[in-house]
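Worksheet: the structure to be examined is printed underneath.
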Amino acid sequence: MSSLKDLNAVLFNQLYALNDAKTDKQIETETRRAKAVCGIAQQIVQSTSLQLEAIKVISKGEYYSDQRGQLKGIVDGKQE
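So, in structure tokens, the structure goes:
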């Protein structure tokens, strides 16, 4: 998964799987899986939000010159 579009597809696929579950065991399994997927999705969205904020800061020039490398690392996914 490499984009928010992919994440959206995974979330909807999980929703369909949960909806299609028929037995109690299937419902329990899909509910656990849905909770796990939701937790990971939240982390992806938070990370993407941070990257967007860094892009906004860089584009506005609202940083100290020694912070540019750190902010660029966040945007490029190369945090240290």
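Start counting the sequence shown at 72; every next residue gets the next number (the numbering used here).
Where a beta carbon is used, it is the ideal one built from N, C-alpha and C, also for glycine.
Item: Cβ-based burial, Val-108 [other Cβ within 10 Å; buried from 16]; Value: buried
Item: Start and end residues, alpha helix (DSSP H) containing Gly-132; Value: That residue, Gly-132, is in no alpha helix (DSSP H); it is neither H nor E in DSSP.
Item: Other residues of its chain near Thr-102: CB distance less than 6 Å, five sequence neighbours each side excluded; Value: none
Item: Residue burial classification, Ala-125 (beta-carbon count within 10 angstroms, cutoff 16); Value: buried
Item: Assigned secondary structure, Lys-76 (DSSP; H/G/I helix, E/B strand, else coil); Value: helix
Item: Contact the region 105-120 vs the region 75-86: 3+ CB pairs below 8 Å; Value: yes
Item: Helix, strand or coil at Thr-100 according to DSSP, with G and I counted as helix; Value: helix
Item: Alpha carbon of Ser-120 to alpha carbon of Tyr-87, nearest angstrom; Value: 27 Å
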